[in-house]
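Peer 1: First the structure, which I've put down as structure tokens, then a few questions once you've had a look.
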Amino acid sequence: MHTVFSDGLVWPTVRVSEAVNEGLDAIAITEHLEYYSHSNYISGDHNSSYEIAKPYADKKDLILIRGAEITKGMPPGHFNFLFIQDANTIDSVDWEKAIIQANKQGAFVFWNHPGWRQENEIPIWYNEHSWLLSQGLIQGIEIVNEKSYYPLAHQWAIDSNLTLLGNSDIHDPIDMFFDRSKGEHRPVTLVFAQESSEEGIREALDNKRTAIYYKDMLIGNEEYLKPLFFEAVRDMTIVFTGTSFPAEYFLENNASIPFEIVVEYEQGKEAETVIIDPMTKQERDKSLFRDFKRILVKNIWIAPGKQLEIYK
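Sequential numbering of the sequence shown, starting at 513, is according to our numbering.
Here it is as structure tokens:
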């Protein structure tokens, strides 16, 4: 995300307030290193936004991660650096030098919005990206940016063992870009950390324990999303009258997002879809789960076009 210290439209502490208001646990402010749109009116350097926001973030119990973004032409494109020590020393016209310097500082490096400004938002993998991957200089890739999802980048992440990220890349005030009155929200990266700390987040990112909350969808590895789903519906109640199907079936969703369940049947019977709204409990007819072939969660994707299968 960005502030007036690059090309954003808000003061750094506003980013903290927005995040706290939305219940986020952590954010990173990643200013562009190449340009400073408001320099005629505001003085500072590439570390200023972090230094201004950090005391306020600490006061609000929000984890603020120091970051930066290099903004180069394609290839290789834009890259974010998280957990850096000093953004000023990374600023370079040479993208290779910038990425190498960021890695020397111990940064977590990922490729931003790979489909941005490409035809039909379809990303292209260049030789430069292969070099970065082979040298261990890139650790993640955005598969969601703002309001766009990049299926091809998602597949690259799976094939190349890159950490999945989904971010707002917000420049405007957040409520001017995402209309929460219409149910919109910024995309966020869910980090399955062992502790609520900057170190815990870093360890989880390094070990690929992430998923993306995008629109009403969850996107990520089955290893993490299947347990998340069953934790959300853990109070499901089944009462059997016989041996083959439930007499009553209560679907209870304890999560703050809906789940769209698709029940597929044997012998050509048309599939049925059930939407379990957030924080609700619904009684379903016993016939819903009679002779089913498999049950999917339509809005949980574990690969491009592949939905989470919960029963078979």
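Ideal Cβ placement from N, Cα and C applies to all residues, glycine included.
No experiment lies behind these values; they were computed from the predicted model shown.
Going by the CB atoms, is the gap between Glu658 and Asp681 shorter than 8 angstroms?
Peer 2: yes
Peer 1: What is the DSSP secondary structure of Asn552, reduced to helix, strand or coil?
Peer 2: The answer is coil: DSSP assigns Asn552 none of H, G, I, E or B.
Peer 1: Return the chain-ordered ranges of every beta strand (DSSP E) run that is complete within the stretch 647 to 700 and spans a minimum of 3 residues.
Peer 2: 652 to 657, 675 to 679
Peer 1: Using only the alpha-carbon positions, how far apart do Lys720 and Tyr553 sit?
Peer 2: 41 angstroms
Peer 1: Find out if the Cβ-Cβ distance for the pair Gln794, Val809 is shorter than 8 angstroms.
Peer 2: no
Peer 1: Between the Cα of Glu546 and the Cα atoms of Ala538, His558, Pro739, which residue gives the shortest distance?
Peer 2: His558
Peer 1: So, for Trp523: in the same chain, excluding its five sequence neighbours on each side, which residues have a beta-carbon less than 7 angstroms away from its beta-carbon?
Peer 2: Thr515, Val516
Peer 1: Figure out for me which residue from Gly780, Asn766, Arg796, Ile812 has the closest Cα to the Cα of Pro790.
Peer 2: Asn766
Peer 1: Excluding sequence positions up to five away, which residues of its chain have a Cβ less than 8 angstroms from the Cβ of Glu633?
Peer 2: Gly627, Ser660, Tyr662
Peer 1: Under the three-state reduction of DSSP, which class applies to Gly732: helix, strand or coil?
Peer 2: Strand.
Peer 1: Are the beta-carbon atoms belonging to Lys805 and Glu776 less than 8 angstroms from one another?
Peer 2: If you check the CB distance, Lys805 and Glu776 come in under 8 angstroms.
Peer 1: State the DSSP-derived secondary structure class of Asn811, mapped to helix, strand or coil.
Peer 2: strand
Peer 1: Taking buried to mean at least 16 other C-beta atoms within 10 Å of its own C-beta, is Asn600 buried or exposed?
Peer 2: Flag for Asn600 reads exposed.
Peer 1: Whole angstroms is fine: what's the gap from Ala569's alpha carbon to Thr525's?
Peer 2: The straight-line gap from Cα to Cα measures roughly 8 angstroms.
Peer 1: What residues in its chain sit with their C-beta under 6 angstroms from that of Leu717, if we drop five residues either side in the sequence?
Peer 2: Phe620, Thr675
Peer 1: Name the two residues that bound the continuous beta strand (DSSP E) containing Trp623.
Peer 2: The continuous beta strand (DSSP E) containing Trp623 extends over residues 620 to 623.
Peer 1: Taking the alpha-carbon positions, what's the Asp519 to Leu702 distance?
Peer 2: 26 angstroms
Peer 1: So Leu644 and Pro588 are supposed to be a Cβ contact under 8 angstroms. How far apart are they, rounded?
Peer 2: Approximately 7 angstroms separates the beta-carbon atoms of Leu644 and Pro588; this is inside 8 angstroms, confirming the contact.
Peer 1: Under 8 angstroms between C-beta atoms, does Trp668 make it to chain B?
Peer 2: Among the chains of the structure shown, chain B does not appear; only one protein chain is present.
Peer 1: Which residues in the same chain have their Cβ closer than 6 angstroms to the Cβ of Asn811, if we skip the five residues on either side of it in sequence?
Peer 2: Asp728, Met729, Glu772
Peer 1: Would Val656 and Ile724 qualify as a contact pair, given that the criterion is a beta-carbon distance under 8 angstroms?
Peer 2: yes
Peer 1: Should Val532 and Lys566 be called a contact, given that it needs their Cβ atoms to be closer than 8 angstroms?
Peer 2: no
Peer 1: Assign Asn679 to buried or exposed, taking buried as 16 or more other Cβ atoms, counted over all protein chains shown, within 10 Å of its Cβ.
Peer 2: Of the other Cβ atoms in all chains shown, 16 or more fall within 10 Å of the Cβ of Asn679; this residue is therefore buried.
Peer 1: For His625, which residues from the same chain have a beta carbon less than 6 angstroms from its beta carbon, with the 5 sequence-adjacent residues on both sides left out?
Peer 2: Glu654, Asn657
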